[in-house]
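Take a look at the structure below.
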Ligand SMILES: [Zn+2]
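Numbering (the numbering used here), first residue to last: 376 to 566.
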């Protein structure tokens, strides 16, 4: 098959050259209120790949990106901090046969780490892309949490833009007695 980034022949979704040169995660941190948000890539850097969301090719691409970023992150994190943890993805609804956020959380399955799939769902199926901060604030996603309580979680989303979604998600989880340690996203639009 061909590398989905440079289109050269490759045994992998992304060839070794692209993995090393273009797709090496470089973690950036941003504060959203009191929430620490870590992102693996700059949005602009991998925009073409991220735009495959909700296409059949997107399944392969999000899966491969998750294995290059979320998977090594949790492995490393659990070496230093071996407590029992839970992973909650933001709004893991299925579109075109899969949930791209669930591909990210799935890559975090690990000893002592349990992924709670599709437990934090938005009741308002609004699309924020290209919308202003004011619009986002006036039209909340209205999350509903149906997972376990009294646990510690890492919150996961694909992209952070203004941070409104993660802020709302954190508030709902905390109202349910869940402690949000920090959030992880694949890409940050504003760095
Ligand atoms: Zn390549």
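Glycine is no exception: its CB is placed at the ideal position from the N, C-alpha and C atoms.
These numbers come from a predicted model, not from an experiment.
Q.
Taking the straight line between their C-alpha atoms, what separation do you get for residue 511 and residue 472?
A. 27 Å
Q | Selection from 442, 554 and 548 that minimises the alpha carbon distance to residue 460 | A | 554
Q | Span of the beta strand (DSSP E), counted from its first residue to its last, around residue 407 | A | 403-407
Q | Closer than 6 Å: residue 444 CB and nearest ligand 1 heavy atom | A | no
(Q) residue 552 and residue 525 - do their beta-carbons sit closer together than 7 Å? (A) yes
Q: Look at the alpha carbon of residue 408 and the alpha carbon of residue 508, and state the distance between them as a whole number of angstroms.
A: When rounded, the separation of the alpha-carbon atoms in residue 408 and residue 508 is 15 Å.
Q: Can you list the residues near ligand 1, meaning Cβ strictly closer than 5 Å to any non-hydrogen atom, in the order they appear in the chain?
A: 378, 380, 381, 390 and 393
Q) Can you name the residues that DSSP bridges to residue 461? A) Within the DSSP secondary-structure output, residue 461 pairs in a beta bridge with 489 and 528.
Q) If you compare alpha carbons, which of 539, 504 and 489 is closest to residue 529? A) 489
Q. Opposite residue 513 in the DSSP bridges: which residues?
A. Paired residues: none, contrary to the question.
Q.
Can you check which of these residues, 453, 397 and 378, is closest to residue 435 by C-alpha distance?
A. 378
**Q.** Burial state of residue 518 (16 or more Cβ within 10 Å)
**A.** buried
Q. Where does the unbroken beta strand (DSSP E) through residue 558 begin, and where does it stop?
A. Run containing residue 558: 554-563, per the beta strand (DSSP E) assignment.
Q. What's the C-alpha gap between residue 558 and residue 376?
A. 34 Å
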